[in-house]
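Novice: My questions will all concern the structure given below.
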Amino acid sequence: MEAETLKPHVKEITREGFKLLEDETRRHIVFMLRDETLNVKEIAKRLHLTPQNIYHHVNKLQDKGIIKLNYEQRNGHLVESYYSVPADTYIYCDDKITESSTRRCMDILFGLQELGTGIKPSLKTAVQLEELHEKYQTTVNDPMNGYEFCEQCSYSGFF
Numbered sequence: 004m005e006a007e008t009l010k011p012h013v014k015e016i017t018r019e020g021f022k023l024l025e026d027e028t029r030r031h032i033v034f035m036l037r038d039e040t041l042n043v044k045e046i047a048k049r050l051h052l053t054p055q056n057i058y059h060h061v062n063k064l065q066d067k068g069i070i071k072l073n074y075e076q077r078n079g080h081l082v083e084s085y086y087s088v089p090a091d092t093y094i095y096c097d098d099k100i101t102e103s104s105t106r107r108c109m110d111i112l113f114g115l116q117e118l119g120t121g122i123k124p125s126l127k128t129a130v131q132l133e134e135l136h137e138k139y140q141t142t143v144n145d146p147m148n149g150y151e152f153c154e155q156c157s158y159s160g161f162f
């Protein structure tokens, strides 16, 4: 068994990888492997599925870098593969997504509403949020503003 290495907290995944996680079984596999290294037989047992079914999911997740082969162990004439996840959290970020700023702001407002903040999403509020964000970006990107940013956390001192 190889030495345990620290895994990064966040890993970016592709659109195809993100789509794989739409499947509930695959999400369960990833959540289980966040906590411990397991083989296909153990995953199948815990999810009450066949090992063949789990192999199918594991191969797809491994192909997209969402899980990795951690080590292999010989058990008699069989070689068991043990899997883990290379990160605690996965993000999908595609700069090519064309989405209006207003639509993005509406999504933010709906998310805040779901968190119980009491915010009521509306087109008017989304436009105001969009304008505030544009002012923020203009201020931050203006070299004459005199703000210094912390390189560790991007804290500017005015928030």
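If you count by my numbering, then the sequence shown holds residues 4 to 162, one letter each, in order.
Positions of the beta carbon are idealized from the N, C-alpha and C atoms, including for glycine.
So, are the CB atoms of Lys-67 and Leu-23 less than 8 angstroms apart?
Specialist: Against the sequence shown, residue 67 aligns to sequence position 64. Against the sequence shown, residue 23 aligns to sequence position 20. Yes, they are a contact pair.
Novice: Please state the DSSP three-state secondary structure of Leu-52.
Specialist: Stepping through the sequence shown from its first residue, residue 52 is reached at position 49. DSSP places Leu-52 in coil when its eight states are reduced to three.
Novice: Do Tyr-95 and Phe-34 come within 8 angstroms of each other at the CB atom, strictly closer than that value?
Specialist: Indexing the sequence shown from 1 puts residue 34 at position 31. Indexing the sequence shown from 1 puts residue 95 at position 92. Their beta carbons are not under 8 angstroms apart, which means Phe-34 does not touch Tyr-95 by this criterion.
Novice: Anyone know if the C-beta pair for Ile-69 and Tyr-93 falls short of 8 angstroms?
Specialist: Here residue 69 refers to the residue found at position 66 of the sequence shown. Here residue 93 refers to the residue found at position 90 of the sequence shown. Result yes, Cβ atoms of Ile-69 and Tyr-93 sit closer than 8 angstroms.
Novice: Is it true that the stretch 108-121 meets the stretch 42-49, where meeting means three or more beta-carbon pairs spaced less than 8 angstroms apart?
Specialist: Result no; under three Cβ-Cβ pairs closer than 8 angstroms.
Novice: Which class does Ile-122 belong to by DSSP, given the choice of helix, strand or coil?
Specialist: Walking along the sequence shown from the start, residue 122 turns up at place 119. Three-state result, Ile-122: coil.
Novice: Report buried or exposed for His-60, applying the criterion of at least 16 other Cβ atoms within 10 angstroms of its Cβ.
Specialist: For this step, residue 60 is matched to residue 57 along the sequence shown. Buried: at least 16 other Cβ atoms inside 10 Å.
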